[in-house]
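Below: the structure, in structure tokens.
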Amino acid sequence: MEVLNTTIAGLTLLATIFLGYIGYRLTKTYSKKSDRISNDALFHSLFRDFNTRYGALNAYLKTLENLLKDDKYSKEDLKLNSELYDKVIDYLNLCAEEYYWSEHGRVNTAVWNAWFHGMNYWYSKIKVLKEIWEEEIEGDNYKSYYLKKGDNLFTK
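Using this note's numbering, read the sequence shown as starting at 1 and increasing by one per residue.
Structure (structure tokens):
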């Protein structure tokens with residue numbers, strides 16, 4: 001009888017361990033899938049928001065590009081056009097947000113590379129954008145763009 005009780009106790013312990021392990025695995029699998037779905041939802045939200053905002057700014061960037069065909073158009077002229085100047089600042093903020101979320105692993109590398117390429121397209125094409133950017137990050141102002149000292153959103 002004692003052997004039977006010992007055997008039953010051992011089997012009960014093994015069953016408890018086995019069921020605990022199954023519960024652990026199910027929880028871990030569910031948690032991993034839930035995290036992935038949550039991350040995908042956040043990425044989708046960021047992607048849509050950034051692309052919508054860029055779409056609204058794109059016309060202003062093209063307007064600025066056309067204005068710069070006149071070699072006399074300068075940063076000071078841009079600052080006199082407060083609506084266009086504000087849109088340039090909005091664009092720089094958008095670029096900084098994309099950078100921030102990329103650095104925090106919320107934007108995958110392929111998407112970040114595409115955005116980075118697009119950012120540098122405008123940066124290389126619009127001279128006053130470079131000038132405004134350099135002015136914006138002077139001193140400690142780079143911190144307002146989520147940058148660390150020495151970081152830059154654009155290729156020089």
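Ideal placement from N, C-alpha and C gives every residue a C-beta, glycine not left out. Owing to the predicted nature of the structure, the values given are computational and were not obtained by experimental measurement.
{"query": "Below 8 Å, can you find three or more Cβ-Cβ pairs linking the region 31-42 to the region 90-99?", "result": "no"}
{"query": "Nearest to TYR52 by CA position, among TYR91, GLY105, GLU131 and GLU103, is which residue?", "result": "According to the sequence as given, residue 52 is Thr; it is not Tyr. For THR52, the nearest C-alpha among the options comes from TYR91."}
{"query": "Do the region 73-84 and the region 14-21 make contact, defined as three or more Cβ pairs closer than 8 Å?", "result": "no"}
{"query": "Could you check whether VAL88 and PHE43 sit closer than 8 Å to each other, using their CB atoms as the reference points?", "result": "no"}
{"query": "Does DSSP put PHE154 in a helix, a strand or coil?", "result": "coil"}
{"query": "Roughly how far, in whole angstroms, is the beta-carbon of LEU84 from the beta-carbon of THR63, given that I think they are within contact range, below 8 Å?", "result": "7 Å"}
{"query": "Beta-carbon separation of VAL111 and PHE47 under 8 Å?", "result": "yes"}
{"query": "CA-CA distance, GLY10 and THR109?", "result": "52 Å"}
{"query": "By the three-class DSSP mapping on this structure, what secondary structure does LYS125 have?", "result": "helix"}
{"query": "Starting from LEU92 and walking both ways along the alpha helix (DSSP H), at which residues does that stretch end?", "result": "82-103"}
{"query": "From THR158 to SER102, what distance separates their C-alpha atoms?", "result": "Not covered by the structure: residue 158. The range shown for the chain is 1 to 156."}
{"query": "Leaving aside the five residues before and after GLU131 along the sequence, list all residues of the same chain whose C-beta is less than 8 Å from its C-beta, in chain order.", "result": "LYS75"}
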